[in-house]
Amino acid sequence: MREITLSQAVNEALREEMRRDPTVFVLGEDVAEAGTPFKVLSGLVEEFGTARVIDTPISEPGFVGMAVGAAMTGARPVVDLMFGDFIYLVMDQLCNQAAKQHYMSGGKLTVPMVLRTNLGATRRSAAQHSQSLQALVAHIPGLKVALPSSAYEAKGLMKTAIRDNNPVVIFEDKLMYQDKAPVPEEEYLIPFGQANVLRQGADITLIGTSSMVQVALKAAVLLEKDGIEAEVIDPRTIVPLDEARLLESVRKTSRAIVIDEGHQSYGVTAEIASRLNEKAFYHLDAPVLRMGAMDVPVPFSPALEDLTVPTPEAVAANARKLCAGELIHAA
Amino acid sequence: MYRQMVRIRTFEDNANQLYLSAKMPGLTHMYSGEEAVAVGICEALTDADRITSTHRGHGHCVAKGAEFKAMFCELLGKAEGYCRGKGGSMHIADQSHGNLGANAIVGGSMGIATGSALRAKLLGQDDVTVCFFGDGATAQGLMYEVMNMAALWKLPVIYACENNGYSEYTRTEEIAAGSITARAEAFGIEAHQVDGQDVLAVNALTQELVARARKGEGPFFLELMTYRYHGHHVGDINREYYRSKSEEKDWKENRDPIIRFRGFLVSEGIATEDEIEAMNAEIARDAAEAVAYAEKAPYPPAHEVDMHVFAD
Numbered sequence: 001m002r003e004i005t006l007s008q009a010v011n012e013a014l015r016e017e018m019r020r021d022p023t024v025f026v027l028g029e030d031v032a033e034a035g036t037p038f039k040v041l042s043g044l045v046e047e048f049g050t051a052r053v054i055d056t057p058i059s060e061p062g063f064v065g066m067a068v069g070a071a072m073t074g075a076r077p078v079v080d081l082m083f084g085d086f087i088y089l090v091m092d093q094l095c096n097q098a099a100k101q102h103y104m105s106g107g108k109l110t111v112p113m114v115l116r117t118n119l120g121a122t123r124r125s126a127a128q129h130s131q132s133l134q135a136l137v138a139h140i141p142g143l144k145v146a147l148p149s150s151a152y153e154a155k156g157l158m159k160t161a162i163r164d165n166n167p168v169v170i171f172e173d174k175l176m177y178q179d180k181a182p183v184p185e186e187e188y189l190i191p192f193g194q195a196n197v198l199r200q201g202a203d204i205t206l207i208g209t210s211s212m213v214q215v216a217l218k219a220a221v222l223l224e225k226d227g228i229e230a231e232v233i234d235p236r237t238i239v240p241l242d243e244a245r246l247l248e249s250v251r252k253t254s255r256a257i258v259i260d261e262g263h264q265s266y267g268v269t270a271e272i273a274s275r276l277n278e279k280a281f282y283h284l285d286a287p288v289l290r291m292g293a294m295d296v297p298v299p300f301s302p303a304l305e306d307l308t309v310p311t312p313e314a315v316a317a318n319a320r321k322l323c324a325g326e327l328i329h330a331a
Numbered sequence: 332m333y334r335q336m337v338r339i340r341t342f343e344d345n346a347n348q349l350y351l352s353a354k355m356p357g358l359t360h361m362y363s364g365e366e367a368v369a370v371g372i373c374e375a376l377t378d379a380d381r382i383t384s385t386h387r388g389h390g391h392c393v394a395k396g397a398e399f400k401a402m403f404c405e406l407l408g409k410a411e412g413y414c415r416g417k418g419g420s421m422h423i424a425d426q427s428h429g430n431l432g433a434n435a436i437v438g439g440s441m442g443i444a445t446g447s448a449l450r451a452k453l454l455g456q457d458d459v460t461v462c463f464f465g466d467g468a469t470a471q472g473l474m475y476e477v478m479n480m481a482a483l484w485k486l487p488v489i490y491a492c493e494n495n496g497y498s499e500y501t502r503t504e505e506i507a508a509g510s511i512t513a514r515a516e517a518f519g520i521e522a523h524q525v526d527g528q529d530v531l532a533v534n535a536l537t538q539e540l541v542a543r544a545r546k547g548e549g550p551f552f553l554e555l556m557t558y559r560y561h562g563h564h565v566g567d568i569n570r571e572y573y574r575s576k577s578e579e580k581d582w583k584e585n586r587d588p589i590i591r592f593r594g595f596l597v598s599e600g601i602a603t604e605d606e607i608e609a610m611n612a613e614i615a616r617d618a619a620e621a622v623a624y625a626e627k628a629p630y631p632p633a634h635e636v637d638m639h640v641f642a643d
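In the order they appear, the protein sequences are chains A and B.
First residue of the first sequence? That's 1 in my numbering, and the numbers climb one at a time after it.
First residue of the second sequence? That's 332 in my numbering, and the numbers climb one at a time after it.
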């Protein structure tokens with residue numbers, strides 16, 4: 001199979017959906033001729049024109065709010081939010097408006113919009129361009145949250161998001177835009193709420209999101225040398241969450257570590273770990289461990305920034321301890 | 332238009348009674364006094380035209396064609412309400428008539444209205460969206476972001492600022508620097524200040540602007556000078572610390588939009604006093620029946636609590 005980058009995969013997803021459905025359009029800062037700073041949307045404006053690939057002023061609440069209104073009245077906007085950190089700017093439009101319209105109207109209004117943005121540290125971008133805010137969004141009822149972990153995932157999840165009748169927030173990892181993966185030429189969609197098992201194992205379950213899937217896979221390779229078989233699972237979407245598949249794995253392995261790049265406190269890892277503890281307690285040989293980013297604003301200096309995110313080595317070290325029966329206190 | 336204005340006033344009088352008699356849960360914000368604004372504007376729109384509304388939204392909802400029963404059911408949290416009891420007074424919506432809903436975040440619907448207009452342009456549809464908001468909302472930044480884009484892209488949206496003189500419990504002149512229309516004019520948007528108590532003036536101007544917006548000449552901005560008879564919300568009874576009783580009396584007696592239009596209809600020979608009294612009585616009966624119906628109507632069943640979080 002051909003291999004393409006995550007960036008190309010997202011571009012293909014948008015191109016295919018815009019060809020299929022004339023109500024799909026893109027808006028955001030520098031999305032047209034510039035194709036975004038990450039060049040993910042390059043070429044779309046040449047095919048679809050500036051009426052459907054719309055460059056906005058630097059007005060995040062304004063254009064996210066407009067996407068909500070367009071979605072409520074029959075279009076399917078895909079909003080490009082240049083950095084995930086800017087979610088703080090658009091919280092009212094996303095959380096008070098988009099997330100609640102369907103419920104508050106008793107099911108009469110729908111908001112089929114996609115907010116595509118990104119997450120991830122270790123790009124030396126400092127604290128206002130490095131955050132992973134998926135937990136913040138996942139906390140709000142009415143929003144779906146997808147976390148693609150490869151080019152293949154990014155394309156399939158984006159196409160599903162565009163066809164979904166709800167507001168969906170997709171966080172792509174900034175470091176993965178140039179990562180290549182096999183992506184079929186023929187059309188495919190990845191359904192929401194179906195976890196992907198990337199590696200089978202009997203001793204411990206490593207649940208990773210976004211780029212932490214790669215961290216988990218690397219940790220699994222390290223653990224293999226110690227004779228520990230790790231099962232690696234990517235939930236793909238944290239809302240909805242494929243709880244059943246995660247529980248099934250943990251009941252088999254009796255141990256689990258959940259890894260996500262959001263801050264550890266009050267985060268995605270805490271939520272998943274708690275559900276596993278509540279629903280698989282008698283199958284567990286150790287408390288489910290969570291590993292997130294440190295609870296600090298992301299520092300600029302490479303020497304400090306690299307310390308803030310979970311690494312394969314740290315995951316493997318914790319997994320060894322769990323398998324050896326040692327108690328670990330989460331950071 | 333007279334009928335619609337009386338329907339709003341009657342609806343509000345009944346809603347006020349429901350609240351004061353503790354039959355109505357939550358908060359509510361009365362529209363009485365501002366009827367000529369909602370009616371003058373909505374009568375210039377079709378069902379295909381959209382509106383977004385405010386936390387003071389009953390008047391817009393009635394003016395856009397909603398019926399009493401489903402509205403009172405919604406105010407009382409009943410299953411037959413427009414939103415199955417999940418929206419209440421501050422979130423009432425009626426999509427069948429193009430009402431995208433009241434919004435309890437002041438200024439919160441400006442993006443939605445402008446996005447609706449963007450959709451119309453993108454899909455080649457010729458409907459117009461009216462964004463209702465109060466003078467208090469002009470202090471929100473969102474308005475300036477979306478007016479900028481609406482003007483850049485010539486979107487078919489009309490921003491209708493209901494200036495009732497008070498931003499919650501504070502005089503507008505204490506919170507708004509400069510003139511409100513000048514703010515829209517700064518973006519190159521044609522802005523008009525209108526007597527919001529004169530339904531004919533509001534309607535005539537809106538008809539003209541809607542026609543021009545359909546042709547791509549928009550957006551437009553209206554500042555409608557009006558007055559709210561009640562407090563900010565129904566519990567705001569003792570309000571002399573921010574506005575005088577004589578001021579309220581003056582607006583009610585000398586500038587009431589319904590009394591004024593009634594006088595016009597009679598003097599022009601369009602309707603007789605008897606016909607008007609009959610119409611008023613009929614509306615009062617309709618409202619009383621709808622209230623009685625809503626009071627007896629069932630609440631939503633418990634299993635609906637987690638319905639409608641997500642659409643299928």
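Backbone N, C-alpha and C fix where the C-beta goes; we use that ideal spot for every residue, glycine too.
Nothing here was measured: the structure is a model prediction, and the numbers come from that model.
Proximity to residue i [Cα-Cα], best of the options
i	options	result
A:D285	A:D295, A:T269, A:D203 and A:G208	A:D203
A:S265	A:A135, A:V79 and A:C95	A:A135
A:D306	A:I87, A:P240 and A:R124	A:R124
A:T209	A:Q128, A:A195, A:Q200 and A:F63	A:A195
A:Q128	A:E153, A:L143 and A:Y88	A:Y88
B:H389	B:M402, B:V530 and B:R381	B:M402
B:T512	B:D605, B:L483, B:E571 and B:F552	B:F552
B:E579	B:Y558, B:R593 and B:I568	B:Y558
B:A444	B:D567, B:I489 and B:D581	B:I489
B:C492	B:R586, B:I423, B:H634 and B:S440	B:S440
A:V24	A:P297, A:T160 and A:G120	A:T160
A:H263	A:R236, A:H283 and A:V296	A:V296
B:H422	B:A481, B:A517, B:G472 and B:H360	B:H360
B:E354	B:A625, B:L540, B:A612 and B:L536	The identity of residue 354 of chain B in the sequence shown is Lys, whereas the question assumes Glu. Of B:A625, B:L540, B:A612 and B:L536, the residue nearest in Cα terms is B:A625.
B:A517	B:L483, B:Y497 and B:D380	B:L483
Per-residue contacts from residue i into chain B (C-beta, under 9 Å)
i	result
A:P191	Near A:P191 there are no residues of chain B at all, since even the closest Cβ is about 14 Å away, more than 9 Å.
A:T23	R450, L453 and L454
A:H102	H639, V640, F641 and A642
A:Q97	N434, I436, G439, S440, G442 and I443
Continuous alpha helix (DSSP H) stretch holding residue i: start and end
i	result
A:G156	A151 to R163
B:K400	F399 to L406
B:Q348	Y333 to L351
B:I372	E366 to C373
B:R559	Segment: none, B:R559 is in no alpha helix (DSSP H) and carries neither H nor E.
B:F592	P588 to S598
B:Q524	Per DSSP, B:Q524 belongs to no alpha helix (DSSP H); it is in the beta strand (DSSP E), E521 to D526.
B:A513	I511 to E516
A:L223	M212 to E224
B:R570	That residue, B:R570, is in no alpha helix (DSSP H); it is neither H nor E in DSSP.
B:Y362	From DSSP, B:Y362 is part of no alpha helix (DSSP H); its letter is neither H nor E.
Whole-Å CB distance - residue i paired with residue j, under 8 Å assumed
i	j	result
A:V114	B:G442	Not confirmed; about 16 Å, so no contact.
A:A216	A:I259	6 Å
A:I291	A:T269	Just to set this straight, residue 291 of chain A is Met in the shown sequence, not Ile. About 6 Å separates the two Cβ atoms, so the contact holds.
A:L289	A:I257	5 Å
A:G267	A:T237	About 16 Å separates the two Cβ atoms, so there is no contact after all.
A:P235	A:N166	Between A:N166 and A:P235 the Cβ distance is about 18 Å, and since that is not below 8 Å, they are no contact.
Host beta strand (DSSP E) of residue i (start-end)
i	result
B:C392	Where B:C392 is concerned, there is no enclosing beta strand (DSSP E), although the alpha helix (DSSP H) it sits in stretches over H389 to A394.
A:L119	V114 to L119
B:I506	Unbroken run through B:I506 is the alpha helix (DSSP H), T503 to I506; no beta strand (DSSP E).
B:I382	R381 to T383
A:I54	V53 to D55
Neighbour list for residue i in chain B, Cβ cutoff strictly below 7 Å
i	result
A:D92	I436 and G439
Chain-ordered neighbours of residue i on chain A, where CB pairs are closer than 8 Å
i	result
B:S447	G69, A70, M72 and T73
B:L555	Result: empty, since nearest Cβ-Cβ is about 22 Å, beyond 8 Å.
B:G432	Q101, M104, S105 and L109
heavy atom of the ligand ZN below 8 Å from residue i C-beta
i	result
B:N347	With respect to small molecules bound, the structure shown includes none, and the ligand ZN cannot be examined in it.
Within chain B, partners of residue i - CB distance below 8 Å
i	result
A:T56	M480
- Query: Looking at chain A, which residues of the stretch 413–425 of chain B have a Cβ within less than 8 Å of any of its Cβ atoms?
  - Reply: Y413, C414, R415, G416, K417, G418, H422 and A424
- Item | Interfacial residues, the stretch 58–85 of chain A to chain B, with Cβ spacing under 8 Å | S59, P61, G62, F63, V64, G65, M66, A67, V68, G69, A70, A71, M72, T73, G74, A75 and P77
- For the stretch 142–172 of chain A, which residues have a CB atom closer than 7 Å to at least one CB atom of chain B, in sequence order? Listed by position along the chain: G142, N165 and N166.
- What are the residues of the stretch 27–54 of chain A that lie near chain B, defined by any Cβ-Cβ distance shorter than 9 Å? L27, A51, R52 and I54
- Task: Pull out every residue of the stretch 355–388 of chain B whose Cβ sits closer than 7 Å to any Cβ of chain A, in chain order.
- Result: R381
- Name, going along the chain, the residues of the stretch 117–138 of chain A whose beta-carbon falls closer than 8 Å to a beta-carbon of chain B. Across the stretch 117–138 of chain A, no CB contact with chain B closer than 8 Å is found for any residue.
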